[in-house]
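Visitor:
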Amino acid sequence: MITYHFAKEFTRYPGGRLRKDGPWSGQQFREDVLLKLLAEHDVVRVDLSGARGFGSSFLDEAFGEAAKRLGVKKVKESLELTCDDDPMLLELISQKIEKATQ
Amino acid sequence: MDFSAHYHQSLIFLNEIRWELLHGRTHNVLIDVRQLVEISAPAAIVLLAELSRCTAYTQRQKSVRGNYPASDRAKQMLRDVGFFAAFQVKAPDITSPTKDRVYVRTASGNQSDGRYTRPFLSLFERVAALTPLASKRLYSALIECMDNVKAHAYDPSIIGDPNLVDEWWLGGFADPVRRRLALVFYDTGHGIPRTIKQRRMLRVANYARISDARILERAVNVGFTRTRDNRRGNGLPSLKDFIDLAPGGFLRVASGSGDLTYRRQSKLSAKRLPVPMTGSLIIWTIEEQPSLEWDGAGDLIEAGEQISLRF
């Protein structure tokens, strides 16, 4: 298992949905980080603590789209999310993952 | 000039400036604001945005000049939101400036870039001790606003559309004396209701009959996908997530003919605007000790410390 510290290794200022819309987008995180880590490791823990906040579009493009491409089951089994400073965030991401195939 | 008690006159003024600068035949245009007594922060930011886009389109054909308001209050508001700085004009001297509010100079951009929020969040955390969770919700709402502008507000395929495509403006202030915070987000695009209608009419022909106010209400309440992908278009409810965390929280979204207001933990209220708002204007205000004087509050103009906000 590998632990990825989002705020330290990616950004404290997550952007919008798509790469073309600005820096640190959900698409950028999914393509450059998340899918690569999931391809290389059985279990990936992403610690989302410390970020300034997340837009709904970012979360959908990063986690929802990853679940759409890899399958909800695979993402649920392989991705472990933690966040110490936002109690609602993980539930929100869970919803994005569940909605992935709708 | 404000978008509450003087909404109608303010919109007429903005529409006349826009029309004259973009379509009028006069070469020399003077924006005469000498008699402006007072201007609210949202109105100052919208004026800044409208002049920015109009002058960007007409700089070669028109000579645009302006003067200073005689009123210190109006001068100070324009100076504090960064109006004069935006046009590289020397700010006027102010005889007796008030120091009850701390402003962040209005930012503008054309990307979804969270770093623009840094001065605003820093100010609010420093001056008003905004909680970390409230700060996160505010960040989410702002980044969602920027993303909505990128995705929906403008249509670059329209040839000759006098817009700075994807541009948005963000301003705000903290008032430590009254313990209030305010943020204003504006874009000059086609407006939230119109964009939703255009997309939806492709599938539901009678969509045109639904009022802008109802469309805004639904968009902010439960989300409103503007594409065939049900995962998209769900960002607007995050506008009120921040308000739900904030004491005395108040949200206003004015776009097209729709005027939506929301107070913490209560129902959305949607009304029809007498003159449509060009683009989309979003205002958040929070205060530590909400008082009755804020009932119906949607703008930040103060007249003798009484908030007058009915249309």
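These protein sequences, in sequence, are chains A and B. Going by our numbering, the first residue of the first sequence is number 564, and it counts up by one from there. Going by our numbering, the first residue of the second sequence is number -4, and it counts up by one from there. The beta carbon of each residue, even a glycine, is placed where N, CA and C say it ideally should be.
#1: Tell me the DSSP bridge mates of SER58(B)?
#2: Work out the CA separation of LEU9(B) and PHE569(A) for me, nearest whole Å.
#3: For a contact defined as C-beta to C-beta under 7 Å, what are the partners of TYR576(A) on chain B?
#4: Between the C-alpha atoms of LYS94(B) and GLU282(B), what's the straight-line distance to the nearest angstrom?
#5: Measure from the C-beta of TYR2(B) to each C-beta in chain A and report whether the shortest distance is under 8 Å.
#6: Using a Cβ cut-off of 7 Å, pull out every chain B residue sitting near PHE617(A), in sequence order please.
#7: When Cβ atoms are compared, which residues of the segment 589 to 616 of chain A fall closer than 7 Å to chain B?
#8: Indicate whether at least one CB of chain B lies closer than 8 Å to the CB of PHE648(A).
#9: What is the DSSP secondary structure of TRP587(A), reduced to helix, strand or coil?
#10: Straight-line CA distance for MET272(B) to ALA249(B)?
#11: For GLY585(A), go through chain B and note every residue whose CB falls closer than 8 Å to its CB, in chain order.
#12: Could you check whether the Cβ of SER657(A) sits closer than 8 Å to any Cβ belonging to chain B?
#13: What's the gap between the Cα of MET564(A) and the Cα of VAL160(B)?
#14: Taking DSSP as the reference, what is the three-state secondary structure of ASP610(A)?
#15: Please classify ILE296(B) as buried or exposed, where buried requires at least 16 other C-beta atoms within 10 Å of its C-beta.
#16: Whole angstroms are fine: how far does the CA of ILE26(B) sit from the CA of LEU16(B)?
#17: Report yes or no: is there a C-beta of chain A within less than 8 Å of the C-beta of ILE315(B)?
#18: Measure the beta-carbon distance from GLU11(B) to SER619(A) and round it to whole angstroms, keeping in mind my assumption that it falls under 8 Å.
#19: Mapping the DSSP letters down to three states, classify ARG221(B) as helix, strand or coil.
#20: DSSP on ARG259(B), reduced to helix/strand/coil?
#21: Please give me, in chain order, every unbroken run of the alpha helix (DSSP H) with length at least 4 that falls completely inside the segment 619 to 648 of chain A.
#22: Which residue from ILE660(A), ASP610(A), ALA629(A) puts its Cα closest to that of LYS571(A)?
#23: Since ASP67(B) and ILE34(B) are thought to touch, with beta carbons under 8 Å apart, how far apart are those beta carbons, to the nearest angstrom?
#24: Using only CA atoms, which one of GLN83(B), PRO127(B), VAL144(B) lies nearest to GLY613(A)?
#25: Distance, Cα to Cα, LEU642(A) vs ALA625(A)?
#26: Under 8 Å: do the segment 146 to 156 of chain B and the segment 232 to 242 of chain B share three or more Cβ pairs, one atom per stretch?
#27: Just to make sure I have the definition right: I need the residues of chain A whose C-beta is within less than 9 Å of the C-beta of SER233(B). Which are they?
#28: Round the Cβ separation of GLY627(A) and ASP108(B) to the nearest angstrom and send it over; I've been treating them as touching at under 8 Å.
#29: DSSP beta-bridge partners for GLU98(B)?
#30: Whose CA, out of ALA129(B), GLY61(B), VAL28(B), GLY166(B), lies closest to the CA of GLY616(A)?
#31: Who pairs with PHE82(B) in a beta bridge, going by DSSP?
#32: Output needed in chain order: residues of the segment 151 to 165 of chain B with a Cβ under 7 Å from some Cβ in chain A.
#33: Between which residues of its own chain and ARG60(B) is the CB-CB distance below 8 Å, once the five residues before and five after are set aside?
#34: If ALA208(B) sits next to SER252(B), beta carbons under 8 Å apart, how far is it from one beta carbon to the other, in whole angstroms?
#35: If I follow the unbroken beta strand (DSSP E) through LEU597(A), where does it start and stop?
#36: Rounded C-beta distance between ALA177(B) and THR256(B)? I'm assuming under 8 Å.
Guide: If we stick to the structure as given:
#1: ASN23(B)
#2: 44 Å
#3: GLY109, ARG110
#4: Each residue's alpha carbon lies about 18 Å from the other.
#5: no
#6: SER135
#7: ARG615, GLY616
#8: Looking at the sequence provided, one finds Asp at residue 648(A) rather than Phe. For ASP648(A), the answer is yes, since a Cβ of chain B falls inside 8 Å of its Cβ.
#9: coil
#10: 6 Å
#11: Under the 8 Å cutoff, chain B gives GLN106, SER107, ASP108, MET141, LYS145.
#12: no
#13: 44 Å
#14: strand
#15: No answer about ILE296(B) holds up, because its pLDDT of 42 lies below 50 and its placement is not dependable.
#16: Spanning the two alpha carbons is a distance of roughly 10 Å.
#17: No statement about residue 315(B) is possible, as the shown extent of chain B runs from -4 to 306 and does not include it.
#18: The C-beta separation of GLU11(B) from SER619(A) comes to about 38 Å, leaving the pair out of contact by the 8 Å criterion.
#19: Residue placement at ARG221(B) cannot be trusted, given a pLDDT of 49 that sits under 50; the coordinates are not used to answer.
#20: coil
#21: Fully enclosed alpha helix (DSSP H) runs of 4 or longer: 619 to 622, 628 to 633, 635 to 641.
#22: ASP610(A)
#23: The Cβ separation is near 12 Å, so there is no contact.
#24: PRO127(B)
#25: 12 Å
#26: no
#27: GLY618, SER619
#28: In this structure, GLY627(A) and ASP108(B) do not form a Cβ contact; the two beta carbons are roughly 22 Å apart against a cut-off of 8 Å.
#29: The sequence shown places Tyr at residue 98(B), not Glu. Among the bridge pairs identified by DSSP, TYR98(B) is matched with PHE168(B).
#30: ALA129(B)
#31: BP columns for PHE82(B) are empty, so no partner.
#32: Here the close residues number zero.
#33: Closer than 8 Å at Cβ, skipping near neighbours: ASN23, VAL24, LEU25, ILE26.
#34: 7 Å
#35: Counting along the chain, LEU597(A) falls outside any beta strand (DSSP E), and DSSP gives it neither H nor E.
#36: ALA177(B) to THR256(B), Cβ: 14 Å. No contact.
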